[in-house]
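What follows is a short report on a single structure.
In the working numbering, the protein residues as written are 1055 to 1859.
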């Protein structure tokens, strides 16, 4: 039986019941906390405040230290507790700027006006839920400290404090800005006018940064498939969702089941610190998300006037609004004090200095850039989820999405009960920047920026008529009306694997939308092509029985096929394996100690015949026991470095997007060099060509080392396990499969199978407690989710307590 921290703490009005006993009624202000297999909390209350208290309590019980540090971050007090020059240990959607940079940002932007906007725009019930969350968190903290022997090392640290609803609103605001302002915290808080261009990297780092839609880690995204009645032999729709997300840190997913009899019954996951389900299911609908390709921000090219703090708009000169921000700090010498910095804002948004990436994009005496984030004023996000949690049908779900226009930076895939249709929509909050506006309001600087990133709109800020358009039907000023955003209902399938909206279904491309939404007729990732292949296989060959359909979908979701090998391995080996020994001409290296001269290493011979035998025997899957997967990944990494025009025999064609590009056209020499380089690279790490994948891809949990499967998306893995440490350890900084769900609606209600790869407990993937769900994921042992009261009570690991106010 899984034990949970402080399960035995004496609580006022604490009661325990056996697994098979009927649950007694809970008083109006109490919340019933049930735990089932893998530590999943099922919370039942009579009102919203009490339910929020349960959410705050169980999240603190499982992740106190992560939450406490996050609340310090959003309050802007990291420099006081952790030093101005330090950085967060864990990754998140806002990256890892210095503590001082984070403090200036959150103090400057998550201010009292933001808190008031949140309170005033939420339904009263959601505000009650948030107030309850704070009370529940504080209750757990008090109980844990009273017990005096808690398992959390942070319990007595000065930065672990009671919270209020303001802390939850600030946490929500962090998620709100994840695809916009929070991507550029150093560039905003360090923006300063400069007479001379800054030293820059030529834009390569900026190009890399903007290739990711949120966060700073490649591969952050998701898979989502919905199979309609045509693909299920008429058995109703089935949903598969699988975010590739953080395994640690403040944005980690937390699994929970929330119910208020007669009002709410929803299960799924949310970011830590959030009291509503963000991905999940209720009795009527199920949904998942993938990171959208749309830009949620834009830049404005400002022409400065007589000083760097004044800019022209038409025939007027406007001063920037100078916002002084003070941050308390503990200095390295032990002294305490504060630092003050002035942040500059314009009518469009804050000034952003990208001069560290490219001199042309810096804040000079004559030019600067301002950034506008469409989500900066989008306080509808979590009320959208709040309403979705209570949706009564797929049509109701879609109507909420279109009415609120709130979804911030993700695509949505959804199904409904007694409905053969499946829904895809990149319907939410996007800048209203039609291509005609971009063409009319472009500037020379914007053209230069397009060589770095063609999606971000850069408009002429010196013209008042060049701001984002305000239109009737939009949820907020400057947002695109939801009626003009891409959406699709089908009865065969819809899918998204982080490419744009263009091919949610290969038979019905979505076209004619503005470039700011992500683009059309562009090559698809290998992961996207494989996802469509999986979905289309069900349309071509539906299962006659639903259990077989679910098992097949669950198996294919985790079989870890490396699609690059499926498509290209035979071609590669025909060229790379024509001789047993290859003379490797290593890439030249730059030696700074010799005055930056180029010193090419001497050519040397590498035996590749054993590697060829390994790859021929390998089944192209990244299973934990696969021998050849590590070698292929190292080989494909080198192949990927060649331009696509030189790599493939048949280039991408928009009329055959699922089968092109195809065929390798690299020369035998190039393929031999890539294979020899891969063999040598593995040898340098002490890895044999036939070493099992799980020996170098594993998670430490519960005192054991658990082999894992899958790999990074660039290799074409649908099953993503990325963000690895140098030794292959998959830990809290991983970007990998996180919460997986397969959901359908049977005649007797919802049937859901789930996995939470990183577990509930914040220490589960750091070698600590809470390893049961991690072990389950490693074993690919899907959990039949106990959703009904009867299923909850008969769960083998059922426990219950009632938390009175």
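Beta carbons are placed, not taken as given, at the ideal position from N, Cα and C, and that holds for glycine.
No experiment lies behind these values; they were computed from the predicted model shown.
query: For residue 1309, does the count of other Cβ atoms within 10 angstroms reach 16, so buried, or fall short, so exposed?
result: buried
Cβ contact check for the stretch 1467-1474 and the stretch 1289-1305: 3 or more pairs under 8 Å: yes
- request: Report back the beta-carbon spacing between residue 1778 and residue 1820 to the nearest angstrom; my notes put them in contact at under 8 Å.
  value: Not confirmed; about 15 Å, so no contact.
- request: Return the chain-ordered list of same chain residues with a C-beta closer than 7 Å to the C-beta of residue 1707, the five sequence neighbours on each side being excluded.
  value: 1714
query: Distance, Cα to Cα, residue 1868 vs residue 1314?
result: This structure cannot speak to residue 1868, because the chain is shown only from 1055 to 1859.
query: Alpha carbon to alpha carbon, how far is residue 1525 from residue 1485?
result: In this structure, the CA atom of residue 1525 is about 11 Å from the CA atom of residue 1485.
field: Neighbour-count burial assignment, residue 1510, 16 or more Cβ in a 10 Å radius
entry: buried
- prompt: Which residue's Cα is closest to the Cα of residue 1155: 1502, 1635 and 1134?
  reply: 1134
field: Where residue 1428 sits in the DSSP three-state scheme
entry: If DSSP states are grouped into helix, strand and coil, residue 1428 belongs with coil.
query: Exposed or buried, residue 1412, counting other C-beta atoms within 10 Å across all chains shown (16 or more means buried)?
result: Result: buried.
task: Out of 1334, 1382 and 1401, point me to the one whose CA is closest to residue 1367's CA.
output: When each option's Cα is compared against that of residue 1367, the closest is 1401.
message: For a minimum of 3 consecutive residues, which ranges assigned as the beta strand (DSSP E) are wholly contained in the stretch 1793-1819?
response: 1793-1800 and 1803-1810
query: Would the beta-carbon of residue 1554 fall within 9 Å of that of residue 1573?
result: yes
Span separating the alpha-carbon of residue 1376 from that of residue 1082: 49 Å
query: Cα separation between residue 1850 and residue 1090?
result: 7 Å
task: Give the single residue among 1670, 1812 and 1582 whose Cα lies nearest to the Cα of residue 1345.
output: 1582
- prompt: Given that a residue counts as buried once 16 or more other Cβ atoms are within 10 Å of its Cβ, and exposed if not, what is residue 1721?
  reply: exposed
field: Enclosing alpha helix (DSSP H) for residue 1691 [first to last residue]
entry: 1683-1693
query: Three or more C-beta pairs closer than 8 Å, one from the stretch 1416-1433 and one from the stretch 1356-1374: is that the case here?
result: As far as the Cβ criterion goes, the stretch 1416-1433 touches the stretch 1356-1374, which means the pair count is three or higher.
- prompt: Between the C-alpha atoms of residue 1557 and residue 1384, what's the straight-line distance to the nearest angstrom?
  reply: 52 Å
query: Is it right to say residue 1179 is buried, meaning 16 or more other beta carbons lie within 10 angstroms of its own, or is it exposed?
result: By the neighbour-count criterion, in which a residue is buried when 16 or more other Cβ atoms sit within 10 angstroms of its Cβ, residue 1179 is buried.
message: Going by DSSP, what residue range makes up the alpha helix (DSSP H) through residue 1741?
response: Segment: none, residue 1741 is in no alpha helix (DSSP H) and carries neither H nor E.
task: Report the rounded CA-to-CA distance for residue 1278 versus residue 1096, giving the unit in angstroms.
output: Looking at the two C-alpha atoms, the distance is approximately 25 Å.
- prompt: Since residue 1310 sits in a beta bridge, which residues does DSSP pair it with?
  reply: 1322
8 Å CB neighbourhood of residue 1173 in its chain, flanking five on each side removed: 1181, 1219 and 1223
field: Chain-order list of residues whose beta-carbon lies under 7 Å from that of residue 1414 (same chain, five-residue window excluded)
entry: 1499 and 1502
message: Counting C-beta neighbours from all protein chains within 10 Å, is the total for residue 1420 16 or more, i.e. buried, or is it exposed?
response: By the neighbour-count rule (16 or more Cβ atoms within 10 Å), residue 1420 is not buried but exposed.
- request: Mark residue 1739 as exposed unless 16 or more other C-beta atoms lie within 10 angstroms of its C-beta, in which case mark it buried.
  value: With a 10 Å radius around the Cβ and a threshold of 16 neighbouring Cβ atoms, residue 1739 comes out exposed.
Cβ separation of residue 1515 and residue 1248, assumed to be a contact under 8 Å, to the nearest whole Å: Contact flag wrong, Cβ pair sits at about 19 Å.
message: Let me check one thing: in DSSP terms, what residues is residue 1659 bridge-paired to?
response: 1637
- request: Just tell me which of 1732, 1856 and 1347 has its CA closest to the CA of residue 1569.
  value: 1347
query: Using the C-alpha atoms, what's the distance from residue 1327 back to residue 1046?
result: No answer is possible for residue 1046: it lies beyond the span of the chain, which begins at 1055 and ends at 1859.
query: In terms of DSSP beta bridges, what is residue 1755 paired with?
result: For residue 1755, which the question treats as bridged, DSSP gives the partners 1758.
- request: On a CA-only basis, which of 1800, 1209 and 1370 is nearest residue 1356? Give me that one, please.
  value: 1370
Identity of the residues DSSP links to residue 1364 by a beta bridge: 1373, per the DSSP bridge assignment.
query: If you drop the 5 nearest sequence neighbours on each side, which residues of the same chain put their C-beta closer than 8 Å to that of residue 1462?
result: 1229, 1230, 1232, 1233, 1350, 1429, 1432, 1435, 1482 and 1483
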